[in-house]
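As structure tokens, the structure follows; a few thoughts come after it.
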Amino acid sequence: MTTNKALHDLGVADLSRALAAQQVSSVELTQHLLARVTQHESLGCFLHTDADAALAAAASADARRAAGDGAALLGIPLAHKDIFVTKDMPTTAGSKILANYRSPFDATVLERLFAAGTISLGKLNCDEFAMGSANENSAFGPVANPWDRTRVPGGSSGGSAAAVAARLVPATTGTDTGGSIRQPASFTGITGIKPTYGVCSRYGMIAFASSLDQAGPMARSAEDCAFLLSAMSGFDERDATSVERPPQDFHAQMLQARPGATAAQPLKGLRIGLPLEFFPAALAADVNGAVRAGLAELEKLGATLVDVSLPRTELAIPVYYIIAPAEASSNLSRFDGVKFGHRAAQYDDLLDMYKKTRAEGFGAEVKRRIMIGSYVLSHGYYDAYYLQAQKLRRMIADDFQRCFTQCDLIAGPVAPTVAWKKGEGADDPVKAYLADIFTLPGSLAGLPGMSVPVGFGEGGMPVGLQLLGNYFQEGQLLHAAHALQQATDWHRAAPAGI
Numbered sequence: 164m165t166t167n168k169a170l171h172d173l174g175v176a177d178l179s180r181a182l183a184a185q186q187v188s189s190v191e192l193t194q195h196l197l198a199r200v201t202q203h204e205s206l207g208c209f210l211h212t213d214a215d216a217a218l219a220a221a222a223s224a225d226a227r228r229a230a231g232d233g234a235a236l237l238g239i240p241l242a243h244k245d246i247f248v249t250k251d252m253p254t255t256a257g258s259k260i261l262a263n264y265r266s267p268f269d270a271t272v273l274e275r276l277f278a279a280g281t282i283s284l285g286k287l288n289c290d291e292f293a294m295g296s297a298n299e300n301s302a303f304g305p306v307a308n309p310w311d312r313t314r315v316p317g318g319s320s321g322g323s324a325a326a327v328a329a330r331l332v333p334a335t336t337g338t339d340t341g342g343s344i345r346q347p348a349s350f351t352g353i354t355g356i357k358p359t360y361g362v363c364s365r366y367g368m369i370a371f372a373s374s375l376d377q378a379g380p381m382a383r384s385a386e387d388c389a390f391l392l393s394a395m396s397g398f399d400e401r402d403a404t405s406v407e408r409p410p411q412d413f414h415a416q417m418l419q420a421r422p423g424a425t426a427a428q429p430l431k432g433l434r435i436g437l438p439l440e441f442f443p444a445a446l447a448a449d450v451n452g453a454v455r456a457g458l459a460e461l462e463k464l465g466a467t468l469v470d471v472s473l474p475r476t477e478l479a480i481p482v483y484y485i486i487a488p489a490e491a492s493s494n495l496s497r498f499d500g501v502k503f504g505h506r507a508a509q510y511d512d513l514l515d516m517y518k519k520t521r522a523e524g525f526g527a528e529v530k531r532r533i534m535i536g537s538y539v540l541s542h543g544y545y546d547a548y549y550l551q552a553q554k555l556r557r558m559i560a561d562d563f564q565r566c567f568t569q570c571d572l573i574a575g576p577v578a579p580t581v582a583w584k585k586g587e588g589a590d591d592p593v594k595a596y597l598a599d600i601f602t603l604p605g606s607l608a609g610l611p612g613m614s615v616p617v618g619f620g621e622g623g624m625p626v627g628l629q630l631l632g633n634y635f636q637e638g639q640l641l642h643a644a645h646a647l648q649q650a651t652d653w654h655r656a657a658p659a660g661i
């Protein structure tokens with residue numbers, strides 16, 4: 164029997180093997196992790212838990228295993244970003260305007276994970292409507308970084324990242340609009356993958372920017388992410404942006420050997436492009452050092468580093484912060500106090516109800532982005548701003564395609580610095596926007612991307628290496644990340660006191 168002391172240190176793959184070998188039951192595992200959630204409540208990761216429902220689901224999973232069901236994720240406890248709607252738990256998107264809202268259905272991504280036999284421990288804190296890079300915009304309080312509680316965990320999937328880093332759950336779901344899986348994964352020393360836009364259904368995922376939002380897993384390792392992504396992904400006829408492709412076994416793709424590869428050099432022949440623009444003079448020295456160390460390991464494993472260029476990288480910030488707020492201003496218009504969510508207690512007429520409901524329900528960052536979005540879509544500005552941004556978006560995507568004629572993957576830092584102190588960006592939202600410089604280009608192009616731990620920087624804070632692939636090359640990304648993690652132990656490091 165695996166001892167309870169070691170259970171929270173095991174990832175998805177290890178727990179799956181332990182459950183299959185009957186070294187531990189799902190009920191024991193769930194009880195242990197629920198106790199840890201309570202023990203580390205001060206981190207602010209969870210917005211809602213349901214111990215009774217989780218233990219009932221765990222007992223059901225144990226019964227299925229006893230009957231011979233050997234599904235890889237059966238009995239594995241997870242937790243989910245509170246941007247995914249759930250019928251058995253409240254869904255708030257981190258906003259007062261949705262306080263205590265309950266959906267009549269589950270999001271497709273969660274529906275598929277539940278069908279795979281996973282256990283839901285609860286819903287995780289996030290920036291309000293996924294708008295933010297620090298998880299300080301939640302209406303229900305900030306999340307602390309387990310490596311240093313005076314620092315942010317990144318955002319908007321900060322609750323998801325911190326829960327994995329603190330060993331509260333082996334894996335979580337997150338969403339990535341402009342880097343919201345990759346950046347918090349980097350800041351907390353875990354692994355996260357944003358798949359190609361359309362690989363995971365957006366049905367039941369509360370929309371921020373519809374042409375950018377994409378779900379993905381966050382876990383300890385690439386192998387753990389591969390298991391979850393296989394279950395989460397797939398065509399969904401209820402989502403008009405879902406890509407019609409056959410089911411994918413990303414774990415099998417991750418393990419598939421490259422032609423000519425050897426045990427010592429599993430990445431032999433892999434060309435990794437290093438965009439000049441991803442290594443500017445302003446890149447923090449500690450981040451640059453850790454990223455270079457990760458790249459050196461990839462070279463040892465047989466990869467070849469190639470210099471490439473993404474000349475429109477700097478334009479990604481203004482392009483993103485025109486397109487994303489424009490889509491947000493449209494998507495969030497549904498929150499008006501009429502059908503669901505918060506409604507102002509006192510108002511004079513319908514228009515006054517709209518105004519007071521939104522003034523009370525939305526936070527400062529959400530209001531800021533709605534106003535920006537409404538402005539760029541308004542008469543006289545649509546052509547000058549929104550239309551021009553869409554043209555530049557296509558040019559950014561074309562830059563990537565030119566790079567992929569010279570390389571197989573693209574690598575660089577996830578963020579210019581390690582996680583910053585809480586409150587540092589409160590008076591200067593543009594500073595936080597600029598921190599997304601390396602993740603935004605891939606998001607605008609709809610490409611798959613990962614953050615993989617590659618060391619530590621200032622203050623002992625984690626640093627992630629970003630890997631970007633061409634469309635539908637998640638298997639190749641996972642293969643490279645897995646090879647790196649088989650040869651190094653950065654992803655196994657845990658915060659002190661956890």
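Positions 164 to 661 (the numbering used here) are the ones given, in order, by the sequence shown. Glycine included, each C-beta is placed from N, C-alpha and C at the ideal position.
Endpoints, alpha helix (DSSP H) assigned at residue i
| i | result |
| --- | --- |
| F635 | No alpha helix (DSSP H) contains F635, which DSSP labels as neither H nor E. |
| K594 | 592-597 |
| F350 | 345-351 |
| Q551 | 551-566 |
| L461 | 448-463 |
| K286 | Unbroken run through K286 is the beta strand (DSSP E), 282-287; no alpha helix (DSSP H). |
| I480 | 479-494 |
| P604 | 603-608 |
Distance between beta carbons of residue j and residue i, contact taken as under 8 Å
| i | j | result |
| --- | --- | --- |
| A489 | L540 | 5 Å |
| F294 | E460 | In the sequence on display, residue 294 carries Met and not Phe. About 35 Å separates the two Cβ atoms, so there is no contact after all. |
| L630 | V615 | 6 Å |
| N494 | F371 | 7 Å |
| L331 | I282 | Contact flag wrong, Cβ pair sits at about 13 Å. |
| D387 | G174 | 5 Å |
| V626 | L555 | Contact flag wrong, Cβ pair sits at about 30 Å. |
| G318 | S343 | 6 Å |
| C363 | Q346 | The pair is not a contact, with the Cβ atoms about 18 Å apart (cut-off 8 Å). |
Nonlocal neighbours in the same chain, by C-beta distance under 8 Å from residue i, ignoring five residues either side
| i | result |
| --- | --- |
| A169 | none |
| V327 | P333, A334, T335, T351, I353, M381, A382, R383 |
| Q569 | R434, G436, V469, V471 |
| S188 | L182, A221, D225, G238 |
| G623 | W310, D311 |
| Q509 | K519 |
| K584 | T313, R314, V315 |
Minimum C-alpha distance to residue i - residue among the options
| i | options | result |
| --- | --- | --- |
| S374 | E400, A394, D387, S405 | S405 |
| L210 | R314, S320, G280 | S320 |
| T255 | V593, S301, S296 | S301 |
| L192 | L206, D177, Q346, E204 | D177 |
| T340 | S296, A325, G367, N308 | S296 |
| Q194 | G432, G207, T212 | T212 |
| A420 | V501, P429, D412 | P429 |
| D290 | H203, A491, R408, G304 | G304 |
| M252 | D172, Y264, A448, R556 | Y264 |
| Q411 | A426, A427, P422, A394 | A394 |
| L446 | A646, Q636, D599, L287 | D599 |
| T201 | L276, A229, A329, T313 | A329 |
| I356 | R655, E621, P611 | P611 |
| G588 | F277, H203, R314 | R314 |
| H414 | G361, D399, A646, P347 | A646 |
| V617 | L640, P422, T651 | T651 |
| A325 | Y360, K286, G361 | K286 |
| E621 | V593, A582, Q648 | A582 |
Element boundaries [beta strand (DSSP E), containing residue i]
| i | result |
| --- | --- |
| R434 | 434-438 |
| P658 | First-last for P658: undefined, no H or E at that position. |
| A242 | 240-244 |
| V362 | Here V362 belongs to no beta strand (DSSP E), and DSSP marks it neither H nor E. |
| M613 | 612-619 |
| V471 | 467-471 |
| T520 | Where T520 is concerned, there is no enclosing beta strand (DSSP E), although the alpha helix (DSSP H) it sits in stretches over 513-524. |
| L572 | 572-576 |
Own chain, CB closer than 6 Å to residue i, minus 5 neighbours either side, in chain order
| i | result |
| --- | --- |
| S179 | A235 |
| L197 | A214 |
| V248 | T254, S266, A270, G367 |
| A217 | T193, I282, L284 |
| A560 | A608 |
| I369 | I246, A256 |
| R531 | none |
| A659 | none |
| N633 | F567 |
Closer than 6 Å: residue i CB and nearest the ligand PLP heavy atom
| i | result |
| --- | --- |
| A389 | Of the ligands one can find in the structure shown there are none, so the ligand PLP has no counterpart to examine. |
Stretch pair the segment 226-239 + the segment 254-270: three plus CB contacts closer than 8 Å: no
message: Could you check whether the segment 441-455 touches the segment 563-582, counting it as contact only if at least three pairs of C-beta atoms, one from each stretch, sit closer than 8 Å?
response: Verdict: yes, contact present.
message: Measuring CB atoms only, is the segment 543-550 touching the segment 598-607, in the sense that at least three cross pairs come out at less than 8 Å?
response: no
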